[in-house]
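Scroll down for the structure; my scribbles are underneath it.
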Amino acid sequence: MDILKTLLFIFEAVFLTDCFRGPPRVSGKVAYRQTARLGSAIKMPCPVEGDPPPLIMWTKDDRNIHSGWIRFRILRMGLKIKEVEADDAGTYICKATNGFGSVNINYTLIVIDDPGSDKTGEP
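Put into structure tokens, the structure is as follows:
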């Protein structure tokens, strides 16, 4: 009977510690197409979670975004771009990685130069 209790204890310990651990997953709604006005600021969220907590990396058009990109700020839950320029338009990817795997969230940023229009393109 002691062997059975020991095996049950080991099974519960493994089950309870490993059942919630796993690769990152998207934890919220995502608007894959983002629009920003020239000169404005925009924040693109990266709603991911995982156990262990994932490392977040952002790329723009396959180039890593880093601290040298002055107007770009990688935040805990997203990417903020200040004073948006026309060249900021493109494909952005938030990649979340931990020891169990990774997940990507792909965005397309469209920059508009019409100060009289709103996000739907109407005047």
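Residues -19 to -1, 1 to 104, numbered by mature numbering (1 follows the signal peptide of the UniProt record, and there is no 0), are exactly what the sequence shown covers, in order.
The C-beta atom is built at its ideal place from N, Cα and C for all residues, glycine as well.
Please read these numbers as outputs of a predicted model, since none were measured by experiment.
As for any alpha helix (DSSP H) of minimum length 4 sitting wholly inside the region 45 to 91, there is none.
With a 10 Å radius around the Cβ and a threshold of 16 neighbouring Cβ atoms, residue 62 comes out buried. The residue from 40, 36, 56, 6 with its alpha-carbon nearest to that of residue 87 is 40.
When DSSP states are grouped into helix, strand and coil, residue -18 belongs to the helix group. Using a Cβ-Cβ distance cut-off of 8 Å, the region 71 to 85 and the region 3 to 19 are in contact, since at least three pairs of beta carbons, one from each stretch, lie closer than that value.
Partner residues in the beta bridge of residue 3, as assigned by DSSP, are 32.
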